[in-house]
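Protein chains: 2
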Amino acid sequence: MLSALANPHRLRIVAALATGGRNYVSQLAREIGISRPLLHLHLQKLEAAGLVVSQLELSPDGKALNFFEVTDFGLELTPAAIAQAAKSLTDQSEQ
Amino acid sequence: MLSALANPHRLRIVAALATGGRNYVSQLAREIGISRPLLHLHLQKLEAAGLVVSQLELSPDGKALNFFEVTDFGLELTPAAIAQAAKSLTDQSEQ
DNA sequence: TACACCTGTAAGTTATTATTTACACATGAA
DNA sequence: TTCATGTGTAAATAATAACTTACAGGTGTA
Chain R
1 MLSALANPHR LRIVAALATG GRNYVSQLAR EIGISRPLLH LHLQKLEAAG
51 LVVSQLELSP DGKALNFFEV TDFGLELTPA AIAQAAKSLT DQSEQ
Chain C
1 MLSALANPHR LRIVAALATG GRNYVSQLAR EIGISRPLLH LHLQKLEAAG
51 LVVSQLELSP DGKALNFFEV TDFGLELTPA AIAQAAKSLT DQSEQ
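As structure tokens, this is what we get:
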């Protein structure tokens with residue numbers, strides 16, 4: 001999840017979806033100003049991290065549109081929270 | 001800050017310092033189980049992000065020890081917070 | 001002097017991410 | 001049919017990040 005958010009493009013994508021609501025890939029690519037394949041890749045990472053979800057829909061004129069929207073994730077990032085979360089990391093010595 | 005935390009080693013480092021208190025480089029490297037140069041690199045990134053601070057001290061027997069400790073950072077990671085924070089990102093079109 | 005600690009960093013290599021380009025396919029309208 | 005819209009993804013390249021190895025230098029003690 002942290003890796004997914006550690007990228008300026010992906011922060012802008014989340015921000016755009018949080019502010020402007022759900023949107024489909026091509027339109028979002030135009031609004032953010034990056035290429036569609038690149039946006040597609042970033043959306044894949046965000047979706048894999050559970051930060052956005054997608055839903056395929058048909059527009060009135062029959063085009064297939066893949067809509068994305070943000071989930072209502074929340075994460076508190078503090079030293080104590082990280083100390084707690086780090087326990088679930090694979091132990092270095094196990095590898 | 002997110003980039004700094006998007007790495008398992010650095011999460012372990014923050015966790016170790018949060019749990020065990022301040023520590024110096026060589027000792028911390030032994031406890032975490034990574035090489036000292038590698039730890040040094042990660043500590044640099046954490047310090048650059050303001051997540052840890054260092055202080056050079058002299059041990060009783062005269063050795064120079066560089067102690068690190070976590071700061072009391074805190075960050076709420078939600079869609080709304082990201083939408084707010086994204087405003088301060090350099091605009092794509094400015095580049 | 002030689003050893004055992006401590007510090008830092010530069011250089012080279014490897015691995016991972018990010019990005020572009022090009023392709024393949026579908027639908028509705030001119 | 002051709003064009004404009006939408007979808008996805010594979011492949012090659014570029015850019016970063018991570019990691020190892022090898023230095024160089026400091027102090028105190030045997």
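Order-wise, the sequence lines are chains R and C. Residues in the first sequence are numbered consecutively from 1, following UniProt numbering. Residues in the second sequence are numbered consecutively from 1, following UniProt numbering. Idealized CB from N, CA, C, for every residue including glycine.
Nearest-angstrom beta carbon gap, residue j and residue i [assumed within contact, 8 Å]
i               : j                  : result
asparagine 23/C : phenylalanine 67/C : 7 Å
proline 8/R     : leucine 89/C       : 6 Å
For residue j and residue i, the rounded distance between their alpha carbons
i              : j               : result
glutamate 69/R : lysine 63/C     : 56 Å
threonine 19/C : glutamine 44/C  : 20 Å
serine 35/R    : serine 26/R     : 9 Å
alanine 83/C   : leucine 58/C    : 46 Å
leucine 65/R   : serine 54/R     : 10 Å
leucine 51/R   : methionine 1/R  : 8 Å
arginine 30/R  : glutamate 76/R  : 32 Å
leucine 41/C   : leucine 38/R    : 30 Å
threonine 71/R : alanine 81/C    : 13 Å
valine 14/R    : alanine 4/C     : 19 Å
glycine 33/R   : isoleucine 32/C : 42 Å
leucine 56/R   : leucine 56/C    : 57 Å
proline 79/C   : leucine 46/C    : 24 Å
Proximity of residue i and residue j at Cβ, strictly below 9 Å
i            : j            : result
leucine 11/C : alanine 86/R : yes
alanine 16/R : alanine 6/C  : no
Exercise. At which residue ranges does the UniProt domain "HTH arsR-type" (1–85) of chain R contain complete alpha helix (DSSP H) runs of 4 or more residues, listed in the order of the chain?
Worked result: Whole alpha helix (DSSP H) segments, 4+ residues: 2–5, 8–20, 25–32 and 36–48.
Exercise. Which residues, in chain order, does the segment 57–69 of chain R contribute to contact with chain C at a C-beta distance below 8 Å?
Worked result: For the segment 57–69 of chain R, no residue has a beta-carbon sitting nearer than 8 Å to a beta-carbon of chain C.
For this session: Identify each residue in the segment 3–31 of chain C for which the Cβ-Cβ distance to at least one residue of chain R is less than 7 Å, and report them in chain order.
Result: Of all residues in the segment 3–31 of chain C, the ones placed with a Cβ closer than 7 Å to any Cβ belonging to chain R are Ser3, Leu5, Ala6, Pro8, Leu11, Arg12, Val14, Ala15, Ala18 and Thr19, in chain order.
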